[in-house]
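These protein sequence lines are chains A and B, in that order. Residues 1 to 422 in the numbering used here are what the first sequence lists, from first letter to last. Residues 423 to 718 in the numbering used here are what the second sequence lists, from first letter to last. Quick reminder that beta carbons are idealized off the backbone N, C-alpha and C, glycines included.
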Amino acid sequence: MKKKQWFAVGMSTLLFGSVLAGCGGEEKTAKNEEKSEKKEEQVEVTIAGWGGNPMEQKLLKQTLDEFEKTYPNIKVKHEVISDQYMDVIKTRLIGGEGPDVFYLDAFEAPAMIGTGVLEPLDDYVTEDFDINDFEKPLLDAFKGPDGKIYGFPKDYSTLALFYNKKMFAEAGLDVPKTWDELREAAKKLTKGTEVYGFGAAPELARLYYIAESKGGKVVTDNKASFADPKVVEALQPIVDMRLKDKSAAQPSEVGAGWGGEMFGQQKAAMVIEGNWAIPFLQETFPNTEFGTAEVPTIDGKKGTMAYTVAYVMNKDSQKKEAAWKLISFLTGKEGMKIWTSKGFALPTRKSVAAELGYDKDELRAALVAGAPYATVWQNGTNLPIIMNNFNNQFVSAFLGEQPLDEALKKAQDIANKEIEAK
Amino acid sequence: MFRRQRWKEAGTAYTLLSPTLFVLLLFVIGPILFAIYLSFHKVQLLGTASFQFVGFDNFTRILDDTRAKIALWNTAKYVAIVVPTQTMLALVLAATLNAGLKGEKFFRIVYFLPTLTSSAVLTLIFMWMYNQNGLVNHVLKFLGLPTYNWLGDPSVALNAIMIMNIWSTAPFFMVIYLAALQDIPDSLYEAAELDGANAWHKFWYVTVPYLKPVTSFVIIMGLIGTFQLFDQSYIFSGGSGGPNNATLTVVLLIYQYAFKSLGTMGYAAALAFALAIVILLATWLQRKFSKEESLY
Chain A
1 MKKKQWFAVG MSTLLFGSVL AGCGGEEKTA KNEEKSEKKE EQVEVTIAGW
51 GGNPMEQKLL KQTLDEFEKT YPNIKVKHEV ISDQYMDVIK TRLIGGEGPD
101 VFYLDAFEAP AMIGTGVLEP LDDYVTEDFD INDFEKPLLD AFKGPDGKIY
151 GFPKDYSTLA LFYNKKMFAE AGLDVPKTWD ELREAAKKLT KGTEVYGFGA
201 APELARLYYI AESKGGKVVT DNKASFADPK VVEALQPIVD MRLKDKSAAQ
251 PSEVGAGWGG EMFGQQKAAM VIEGNWAIPF LQETFPNTEF GTAEVPTIDG
301 KKGTMAYTVA YVMNKDSQKK EAAWKLISFL TGKEGMKIWT SKGFALPTRK
351 SVAAELGYDK DELRAALVAG APYATVWQNG TNLPIIMNNF NNQFVSAFLG
401 EQPLDEALKK AQDIANKEIE AK
Chain B
423 MFRRQRWKEA GTAYTLLSPT LFVLLLFVIG PILFAIYLSF HKVQLLGTAS
473 FQFVGFDNFT RILDDTRAKI ALWNTAKYVA IVVPTQTMLA LVLAATLNAG
523 LKGEKFFRIV YFLPTLTSSA VLTLIFMWMY NQNGLVNHVL KFLGLPTYNW
573 LGDPSVALNA IMIMNIWSTA PFFMVIYLAA LQDIPDSLYE AAELDGANAW
623 HKFWYVTVPY LKPVTSFVII MGLIGTFQLF DQSYIFSGGS GGPNNATLTV
673 VLLIYQYAFK SLGTMGYAAA LAFALAIVIL LATWLQRKFS KEESLY
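What follows is the structure, given as structure tokens:
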């Protein structure tokens, strides 16, 4: 009996011990470091981003390979965070396990910069990096309130009108130039609930420029102000298209995940989407013939959205020199040219854009043309709260549950209450 | 001498338990305590972490939060409808499967299938079926019934999730009932038959009372599960809880405060704590009403 008991105690301590040892694993890393020191300071930099389509992944891999060739002593570890990217990044940064370099959407940038987890990059920039080559609004999106630059935009996309060529030919229509024309065309292109003239995305990220087209402001002093009658007036036509004309619907109503899918399935004759839709449509729906045009004008004024993403550096990174080399390569002329060469994303450097000639590309010209007048999707640190409340109520107005002005008023009040309580 | 023996035994027991205890402390008790700590602070975790003691501010803020009230109301409605329905359905399904029909095993497998699918996948499949030109509306149209905009209409969006969830969780509880049904001695039914009971009497006066402890378990598990509704409404609404807050649940709101806006982690913890208390209360009430000696 006694013997057995002691055996059991011994076993459990052993198990317990091995659990603890598993947590540590220090020995191994120590050995690895020793080895790398011998090979003249081999460093490994981690870079994290969300996953793109396979072609895009291949391109990034190619760019990173090129970088490793240029700097043989730096190894790049690429991590793909496929879902809930920002949640994962924030959690990892809190835990001190953040990657050295990672993607940051302009929309999230002000709040992230505000917390001080990002490394300002001004001191690293050298003459030949040629900072003036970047499109200014896109670079400004990553400037902090202190005027320092916290990230360099890796690429961007604007929105353009995608139209189904066959449906337009059948209806004998021209591509709409103004929103009024678009509304008329949408009516003619609609076939009951089978095909909608316009696939709408009832969310702030897509509607921001429309909301502000009549002179109203969505955000004022970091607070929601979208119940402004001018904003309501600007957004009303979209709601009317859904409710009065019955010529618009959102993707989920026809079982599609997003506008591009709805368009590809030929359940919408027109959608307003970005650059990402082009390779998606070509690969997934090769039978859908489509063209692109600039977003229709409102009151003769042009407008569209621009979305951009930057490479930023973790302030707690232990390998800042190497991390900067990676960022400067990826956003430099050479790296950006490889990354944007296949047209999955548009280059943020003027010189690269000119060299690759996307302004003359049949499908991408409309997107490039939008860059100078686009509204960058970003506004202050409270935009996530504002957006969430806007989307929640706008959808219900879009579906006819309540009048638009009431919905927006309610959303604005709740949003501002939330912001004040912060 | 005797006491020493007991100490020794206890010591051995704790040594044997230590790995489990360690894991429990680290991954269960620790986080709970930390969450309670967080709920009394204004927390900024990112960057230079700051914890500012605010007392009960986070809790009083709940009373003032329109969205929290809506979320609680939605969740309560959801619980009140889903729990009784799925319990009843599970019992009926189990009783029919236990009646000794032909092909019983086949049906048992078929009924249980939904439980095996991940709820996220299930939600995506249902979103297909629920869309305006989808299967559900086609069937309704065929039967001459009105069709709905299941996903978009705030007045039906939550019902759509309810139907889906009842369908997918009832079979799980059915299996528990089935196991309990096998346990009822035949002699009880025989005695009832001698007293002239018909099939309905036997079900109502023998089966149901005998299953009372199991029913209690099923209801409590159902309560806990439904109060924690998250993934379905998250996927349905793309994380916003819309349209018009119709699918906003407490857990979804907690998630929004914890991860979507910076600096509200403490408030999210307070909400989570409040939800825990609500669940505790509901469970306690259930046990109070069912009044049986508990088995667990």
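Taking every protein chain shown into account, the CB of B/A521 has fewer than 16 other CB atoms within 10 angstroms, so this residue is exposed.
For A/P153, the enclosing beta strand (DSSP E) covers residues G151 to N164. Runs of alpha helix (DSSP H) with 4 or more residues, each lying fully within the segment 592 to 651 of chain B, are found at 608 to 616, 621 to 624 and 634 to 649, listed in chain order. Across the segment 196 to 215 of chain A, no CB contact with chain B closer than 8 Å is found for any residue. Between A/E253 and B/Q554, the beta carbon gap of about 5 Å places them in contact (Cβ cut-off 8 Å). For the segment 474 to 501 of chain B, residues whose beta-carbon sits nearer than 7 Å to a beta-carbon of chain A comprise R483, T488 and R489. For A/M313, the pairing in a beta bridge is given by DSSP as A/V101.
Pairing A/Y358 with A/V368, the inter-Cα distance amounts to about 7 Å. A/F134: not part of any beta strand (DSSP E); DSSP gives it neither H nor E.
Within the model, the alpha-carbon separation for B/F595 versus A/K188 is close to 52 Å.
At a C-beta separation below 7 Å, B/K624 has no neighbours in chain A, since its nearest C-beta there lies roughly 47 Å away. Annotation: Cβ neighbours of A/I414 in chain B (cutoff 8 Å, chain order): T488 and R489. Here A/G114 carries a helix assignment [DSSP, helix/strand/coil].
When only Cα atoms are considered, B/P536 and B/L675 end up about 27 Å apart. For A/P176 and A/T288, the gap between their C-alpha atoms comes out near 19 Å. Shown here, A/A205 sits in a helix according to DSSP, grouped into three states. Between A/A106 and A/W377, the CB-CB gap stays under 8 Å.
For B/K524, no chain A residue has a C-beta closer than 9 Å to its own C-beta; the minimum C-beta separation is roughly 39 Å.
Pairwise C-beta distances place the segment 104 to 124 of chain A in contact with the segment 300 to 316 of chain A, as three or more of them are shorter than 8 Å. Residue-level contact by beta carbon holds for B/F681 and chain A, with a gap shorter than 8 Å. B/M584 is positioned such that its CB atom lies closer than 8 Å to that of B/Y500.
The way I'd put it, the segment 160 to 175 of chain A doesn't touch the segment 342 to 361 of chain A; fewer than three beta-carbon pairs between them come closer than 8 Å. From the beta-carbon of A/L93, the residues of chain B found nearer than 7 Å are L468. By the Cβ test, the segment 135 to 146 of chain A is in contact with the segment 301 to 312 of chain A, since at least three Cβ pairs between them sit closer than 8 Å. Contact of B/T686 with chain A by beta-carbon distance below 8 Å involves K422. When DSSP states are grouped into helix, strand and coil, B/S472 belongs to the strand group. Among the residues facing chain A, B/P665 is included, as its CB has a counterpart in that chain under 8 Å away. By the rule that beta-carbons nearer than 8 Å mark a contact, B/P568 does not touch chain A.
Annotation for A/T340: the continuous alpha helix (DSSP H) segment containing it runs K333 to T340.
Of A/N132, A/F162 and A/E212, the smallest CA-CA separation from A/D299 is found for A/E212. Residue ranges of uninterrupted beta strand (DSSP E) with 3 or more members, entirely inside the segment 469 to 523 of chain B and ordered along the chain, are 472 to 475.
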